[in-house]
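Asks: Quick one: this structure, given as structure tokens, is what I'll be asking you about.
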Amino acid sequence: MAEKTQIFISSRQKMIIDRLLESDFPIMPKDMAEELDISLRTCQREIAQLKPIVRSYGLKIMKQFRSGICLVGDEECKGVLADELEKAHQSTSFSPKDRQLGIICDLLRDQTPTKMFVFSQKYYVTEATIGHDLQELEGWLNQFHLTLVRKPGLGIFISGEDKHLRAAITAVVNNQTLPENWLAVFDLLKSGKKEDWQIEKHIPSMYLDLLDLDILHAVGKVLTEAAERHPSLFSNERDRISVSLHLALAVERHKDQNNDLVAADRKLIELYPSSYFIAERLKELLDIQLPEEEINYLILHLYGVQPNLPLEQFQEEETTHLIRIFIEGVKAELNEPLTDPMLSEGLLKHFYPALNRIRNGLPIHNPLLSQIQRDYPVVYEASRKSAESLSNYLGVRIPPAEIAYMAIHVGAALINQQNLKGRVAVVCASGFGTSRLLASRLKQEIPGLQVSEVLSLSELPGWLENNWQVDAIVSTIQIPGITEERLVVVSPILSDNDVQKIKGKLKKQQSSTQRPRSDDHPSEDSSLMGIAHYGEAFAQVMRGLSWMEALPTKEKLAWLHAFVSRSHAVISPEGLIEAFEERERKGSFAIGSIGILHSRTAAVRTLFVNIISLKEAMPWHTESGKKQVVDTLLLLAAPPDAPREHFQLLGELISGLLDDELAGAISSGNKEWTLIAVKEHFQQAYQERILSYARGKQR
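Heads up, the sequence shown is in this note's numbering, so the first residue is 2 and it goes up one at a time.
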């Protein structure tokens, strides 16, 4: 390999290459963008700039459909690139999140005033940007009873009590850092690997300004010894890490002779002789004597992570009372019953040690806090509001990290009691198209739901003869002869109101006496025949799949005649267009910018799949009546007497359009990309069907 010139890349680009080098599997760009805290567009731009760099090392960044990107090439070439990266010149680039983390670490590390221009030069942004960052950080600091002071001519600094400063530092070093990362750091320290570049693979480099690695190593060693002497000391690794970080900061604090007196019950000291063992071992290793108040503070921390302490009667009564208040408050906020008996039990185990932490102002790390707030805002907000009554009772504020843990218990209870199970049949006019999309949405919205079959209106009576015990029939159209107790008519787009109607129907079924169910498992002969029909459908689609470009005319569908007539699958182009028009009169169908025409018609002899990329977008009406434009048409048709498995395979393509990547490929206007994506999707569906059959035989 020719000698390479030294690489010049940004720190962000280095992180992308490092991630590709260390991963054995493709990575989705959107996942990488989230890791780097940048937009997907920025991530894609960085990847594009890296392609010529890795190419010079005999490597290639390849995109795999529906899997992501990966680095392809000889392992030797990858090794050379990895070596060169260690010597690469990097231009530093900071995301807003990284910049704010750096600023807060700078301010917490040194409480002396710092001028604005120092931060501006360090992070390569204007002073106005730094000012905006400080405004956001000010609210965060207020959570810890700390004040951000800005004095003209003097600088910026943090003011507050030492215990609050330490709580803020603990929160920072735990922020977005999972226990696994800290365990990796402790393992490196244990093996004597203390180089910054090794540690920075697991935690942000800014943390190294707040923590002394030698002290952290000693603390980890001592706590491991203490846990070996007292196996019940820590119930999990998260608690051990929390105490480790507290102790490391305590030793740092004591070096500066800046101690607060923290009172502790003598009873607790008797319960925790291990705290004195820890103090003695730290003295031996670091030649630092922790004073009595620090040992008391350590006792409180150890007490705050113990879930199985014996409760005195008044303590148990108080805890039970508070849990009852909390649950009633959440029920009122959510306007939902909380009937899961495990909720009170789970909260009791969590809440007693939590009360000790809350009353003594002990910080707790919750790595899931931001995710819970983002993904479960309703449950978190209900828990937060209910926790306000507990704060009033206790006289202290309950921090967001504790509320998030309580919200997890509430969320689990809701899932347990709402994990509705049942079997439904999905019905629409043709038996595929909108019904397949509807079936996919149902599985997403109600995970415990089994969609037994997707049917056309004409197939329903015959199917019900052998499957009368289905819990409900979900349909996009009214069905004569089906009682209101069993039928749920919904919109093809499945609104929130539709979901609630279905859940209500299933709840009613669950509350009534359960009926014996018919066997859900088809015979081996019928399953094997189903596989054969599915394979036949797959072969027909692979033979007839086509892609074309077209310029639509004012006549909505008549212009399609010239295109559909080219397919060998089509017997009568006029009949097919008429069938499409008949289906459209019942309601148009579109997903994103893709308009979908589908029909069950004698105008085709085999399965028909045609993709038309429009040179000009055309107006379209969805089934909900909403006006939009589409730039791609997806044409699907099947003979009326085709086996059910043929319609199921076509339906897989429609439900697959919920995947942004497949939808993007189809609407890309690129023939090669579109056909590869669609063929791979059908192939995957066929393979999954075969695997499902194989698993059934093994059972």
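Using N, Cα and C, we set each Cβ at its ideal position, and we do this for glycine too.
Kindly indicate which residue of 594, 226 and 631 has the alpha-carbon position closest to the one of residue 661.
Replies: Here residue 661 is taken as the residue at index 660 of the sequence shown, counted from 1. When only C-alpha atoms are compared, the closest one is 594.
Asks: Within 10 angstroms of its Cβ, does residue 84 collect 16 or more other Cβ (buried), or is it exposed?
Replies: Position 83 of the sequence shown, counted from the first residue, corresponds to residue 84. With fewer than 16 Cβ atoms within 10 Å of its Cβ, residue 84 is classed as exposed.
Asks: Got a sec, what are the start and stop residues for the beta strand (DSSP E) residue 456 sits in?
Replies: As a first step, residue 456 must be located in the sequence shown, where it is residue number 455. Per DSSP, residue 456 belongs to the beta strand (DSSP E) from 450-457.
Asks: So does the segment 113-124 actually touch the segment 160-167, counting three or more Cβ pairs closer than 8 Å?
Replies: Too few Cβ pairs lie closer than 8 Å, so no.
Asks: Quick check on this structure: which residue in 144, 131 and 165 has the alpha carbon closest to the alpha carbon of residue 151?
Replies: As a first step, residue 151 must be located in the sequence shown, where it is residue number 150. Comparing Cα positions, the closest option is 131.
Asks: Just tell me which of 638, 614 and 582 has its CA closest to the CA of residue 603.
Replies: Taking the first residue of the sequence shown as 1, we reach residue 603 at position 602. Checking every option, the nearest Cα to that of residue 603 belongs to 638.
Asks: Measuring only the C-alpha atoms, how far is residue 559 from residue 475?
Replies: Counting from one through the sequence shown, the residue named residue 559 turns up at place 558. Counting from one through the sequence shown, the residue named residue 475 turns up at place 474. Taking the straight line joining both Cα atoms gives about 33 Å.
Asks: For residue 376, name the three-state secondary structure that DSSP assigns.
Replies: Working through the sequence shown from its first residue, we reach residue 376 at position 375. DSSP places residue 376 in helix when its eight states are reduced to three.
Asks: Determine the extent of the beta strand (DSSP E) in which residue 619 is found, giving its start and end residues.
Replies: In the sequence shown, the residue the question calls residue 619 occupies position 618. Here the beta strand (DSSP E) through residue 619 covers 609-622.
Asks: Beta-carbon within less than 6 Å of residue 636's beta-carbon, same chain only, minus the 5 sequence neighbours each way: which residues are those?
Replies: Taking the first residue of the sequence shown as position 1, residue 636 is located at position 635. Result list for residue 636: 598 and 611, in chain order.
Asks: Could you tell me whether the Cβ atoms of residue 584 and residue 600 are closer together than 9 Å?
Replies: On the sequence shown, residue 584 is found 583 positions in, with the first residue counted as 1. On the sequence shown, residue 600 is found 599 positions in, with the first residue counted as 1. Result yes, Cβ atoms of residue 584 and residue 600 sit closer than 9 Å.
Asks: Give every residue of the same chain whose Cβ lies closer than 7 Å to the Cβ of residue 395, excluding the five residues on either side of it in the sequence, and list them in chain order.
Replies: For the purposes of this step, residue 395 is taken as residue 394 along the sequence shown, with counting starting at 1. The residues are 359 and 360.
Asks: Would you list the residues sitting across from residue 601 in a DSSP beta bridge?
Replies: As a first step, residue 601 must be located in the sequence shown, where it is residue number 600. BP columns for residue 601 point to 639.
Asks: Going by C-alpha distance, which of 439, 51, 398 and 220 is nearest residue 590?
Replies: As a working note, residue 590 is residue 589 in the sequence shown. Selected option, being the one with the closest Cα: 439.
Asks: Which of the three DSSP states, helix, strand or coil, is assigned to residue 489?
Replies: Counting from one through the sequence shown, the residue named residue 489 turns up at place 488. Reduced to three states, the DSSP call for residue 489 is strand.
Asks: Use the C-beta contact count for residue 26: other C-beta atoms within 10 angstroms, 16 or more gives buried, fewer gives exposed.
Replies: In the sequence shown, residue 26 corresponds to position 25, counting from 1. That one is exposed.
Asks: Taking the beta carbon of residue 56 as the centre, do at least 16 other beta carbons fall within 10 Å, making it buried, or is it exposed?
Replies: Taking the sequence shown and counting its residues from 1, the one referred to as residue 56 is at position 55. Burial call: exposed.
Asks: Could you tell me if residue 14 is buried or exposed, where buried requires 16 or more neighbouring beta carbons within 10 angstroms of its beta carbon?
Replies: Translated into positions along the sequence shown, residue 14 becomes position 13. Buried is the call here.
Asks: Under three-state DSSP, which class holds residue 189?
Replies: Numbered from its first residue, the sequence shown carries residue 189 at position 188. Here residue 189 sits in helix by DSSP.
Asks: Closest by CA to residue 102, which one among 64, 173, 79 and 40?
Replies: As a first step, residue 102 must be located in the sequence shown, where it is residue number 101. Checked all of 64, 173, 79 and 40; the closest Cα to residue 102 is 173.
Asks: So residue 687 packs on residue 539, CB below 8 Å; how close in whole Å?
Replies: As a first step, residue 687 must be located in the sequence shown, where it is residue number 686. As a first step, residue 539 must be located in the sequence shown, where it is residue number 538. Contact flag correct, Cβ pair sits at about 5 Å.
Asks: In the DSSP assignment, the alpha helix (DSSP H) including residue 121 goes from what residue to what residue?
Replies: For the purposes of this step, residue 121 is identified with residue 120 of the sequence shown, where counting begins at 1. It spans 117-124 - the alpha helix (DSSP H) in which residue 121 sits, taken as one unbroken run.
Asks: Counting C-beta neighbours from all protein chains within 10 Å, is the total for residue 18 16 or more, i.e. buried, or is it exposed?
Replies: Within the sequence shown, numbered from 1, the residue matching residue 18 stands at position 17. Burial call: buried.
Asks: Which word fits residue 478, buried or exposed, when buried means at least 16 other C-beta atoms lie within 10 angstroms of its C-beta?
Replies: Taking the sequence shown and counting its residues from 1, the one referred to as residue 478 is at position 477. Exposed: under 16 other Cβ atoms inside 10 Å.
Asks: According to DSSP, is residue 632 helix, strand or coil?
Replies: On the sequence shown, residue 632 is found 631 positions in, with the first residue counted as 1. DSSP places residue 632 in strand when its eight states are reduced to three.
Asks: Need the endpoints of the beta strand (DSSP E) that residue 423 sits in, please.
Replies: Counting from 1 along the sequence shown, the entry for residue 423 is found at position 422. Unbroken beta strand (DSSP E) run through residue 423: 423-429.
Asks: Evaluate residue 125 with the Cβ neighbour count: other Cβ atoms within 10 Å of its Cβ, from every protein chain shown; 16 or more gives buried, anything less gives exposed.
Replies: Locating residue 125 in the sequence shown gives position 124, counting from the first residue. Residue 125 comes out exposed.
Asks: Taking the beta carbon of residue 692 as the centre, do at least 16 other beta carbons fall within 10 Å, making it buried, or is it exposed?
Replies: Position 691 of the sequence shown, counting from 1, holds the residue named residue 692. Residue 692 is exposed by the Cβ-count criterion.
Asks: Quickly, what does DSSP pair residue 547 with across the bridge? List them, please.
Replies: Reading the sequence shown from its first residue, position 546 is the one you call residue 547. Beta-bridge pairing links residue 547 to 611.
Asks: Rounded to whole angstroms, what's the CA-CA distance from residue 332 to residue 338? Just pull it up for me.
Replies: Counting from one through the sequence shown, the residue named residue 332 turns up at place 331. Counting from one through the sequence shown, the residue named residue 338 turns up at place 337. Distance between the alpha carbons of residue 332 and residue 338: 6 Å.
Asks: Looking at the strands, I want to know which residues DSSP matches up with residue 473.
Replies: Position 472 of the sequence shown holds residue 473. For residue 473, which the question treats as bridged, DSSP gives the partners 425.
Asks: Whose C-alpha, out of 99, 281 and 617, is nearest the C-alpha of residue 632?
Replies: Numbered from 1 along the sequence shown, position 631 holds the residue referred to as residue 632. Comparing Cα positions, the closest option is 617.
Asks: Is residue 129 close to the ligand FAD? I mean its beta-carbon at under 8 Å from any heavy atom of the ligand.
Replies: Annotation note on the ligand FAD: not contained in the displayed structure, which lists no ligands.
Asks: Between residue 283 and residue 54, what straight-line distance do the alpha-carbon atoms span, to the nearest angstrom?
Replies: For the purposes of this step, residue 283 is identified with residue 282 of the sequence shown, where counting begins at 1. For the purposes of this step, residue 54 is identified with residue 53 of the sequence shown, where counting begins at 1. Looking at the two C-alpha atoms, the distance is approximately 49 Å.
Asks: Contact between the segment 289-298 and the segment 317-330 is defined here as three or more beta-carbon pairs at a separation below 8 Å; is this criterion met?
Replies: These segments do not touch.
Asks: The beta strand (DSSP E) spanning residue 151 covers which residue range?
Replies: Here residue 151 is taken as the residue at index 150 of the sequence shown, counted from 1. Residue 151 -> beta strand (DSSP E) spans 148-152.
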